[in-house]
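Numbering (full-length UniProt numbering), first residue to last: 1 to 260.
Working notes, structure below.
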DNA sequence: CCTTCTTTCTGAATTCGCTG
DNA sequence: CAGCGAATTCAGAAAGAAGG
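Okay, here's the thing in structure tokens:
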């Protein structure tokens with residue numbers, strides 16, 4: 001089936017002579033004799049694909065049982081793949097892998113930002129679940145940058161305020177009221193990040209020490225509800241102040257680089 | 001046949017803008 | 001002032017697809 005020639009090409013019975021680099025070299029045993037076999041990668045891929053399609057159910061159940069008996073290994077593989085894809089996206093938009101505003105290089109802090117906003121709309125219309133995979137698939141298009149979570153919140157949104165039906169003065173008053181209320185609660189919990197010590201109130205947030213923040217918020221309400229709830233309940237323990245970088249790093253990645 | 005990579009989906013961590 | 005939905009993400013599970 002696979003014909004050998006003396007130069008740097010091999011001949012595939014289906015697609016003809018090809019460069020040797022397009023062949024997979026493997027050792028196979030036939031009639032008790034082991035010999036080197038060259039398989040055309042493209043044809044092999046096509047053949048396997050057809051085989052996969054016609055036996056998809058069997059493959060799926062085999063894979064499922066493999067994952068079940070190699071849980072930790074399967075988890076590690078997927079984690080590695082996600083990290084690789086994320087790093088690729090970050091490096092594509094920032095060769096030094098750093099925040100384009102403050103310059104921090106802690107990978108846990110970094111995220112891809114839509115420069116002109118509209119991230120949710122973009123996700124919804126393009127049905128994007130994981131921005132890194134989407135960017136890779138689309139050849140890392142322009143319009144994105146790398147920001148840390150703190151800068152993303154502090155500058156990312158302020159630069160593109162929504163057009164309100166109310167006057168600018170009224171919106172600014174609402175915002176300042178909220179900020180003042182937030183600061184009054186933050187002061188009860190130290191008013192600086194319990195991890196890195198930053199006291200920039202624009203990036204400080206309340207962290208649920210034992211997790212479960214989303215469930216709690218769903219119960220008591222979104223927005224400033226958490227600050228109202230804390231004040232109403234006389235600033236209970238189990239909460240602390242963290243900046244968004246440390247909060248998201250601990251909440252999502254499990255640990256903060258400041259503690260490594 | 002076993003292992004690895006890719007993609008999709010769900011739920012987790014937050015704050016802010018708007019409206020009745 | 002209360003509450004909804006928008007805004008930023010990532011990890012892990014599961015399924016799909018491919019590699020060796």
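We treat Cβ as the ideally placed atom computed from N, Cα and C, and that holds for glycine.
Counted as a single uninterrupted DSSP element, the stretch harbouring residue 43 is not any beta strand (DSSP E) but the alpha helix (DSSP H) occupying residues 41 to 54. Between residue 150 and residue 243, the C-beta spacing is below 7 Å.
In the pairwise beta carbon analysis, the stretch 129 to 138 is classified as touching the stretch 89 to 109: at least three pairs are separated by under 8 Å. Nearest to residue 200 by alpha-carbon distance, out of 110, 61, 20, 182, is 182. DSSP, read as helix, strand or coil, puts residue 93 in helix. Per DSSP, the continuous beta strand (DSSP E) segment holding residue 239 begins and ends at 239 to 243. The beta-carbon separation of residue 202 and residue 147, rounded to 14 Å, does not stay under the 8 Å limit for a contact. For residue 85, the secondary structure class from DSSP, reduced to helix, strand or coil, is helix. Taking 8 Å as the upper bound for CB-CB distance, residue 257 and residue 106 are in contact here, some 4 Å apart.
Taken through DSSP and simplified to helix, strand or coil, residue 179 comes out as helix.
For residue 111, the enclosing beta strand (DSSP E) has its first and last residue at 110 to 114. The C-alpha of residue 66 is placed about 10 Å away from the C-alpha of residue 60.
Assigned with DSSP and collapsed to three states, residue 140 falls in coil, not helix or strand. Nearest to residue 228 by alpha-carbon distance, out of 250, 198, 184, is 184.
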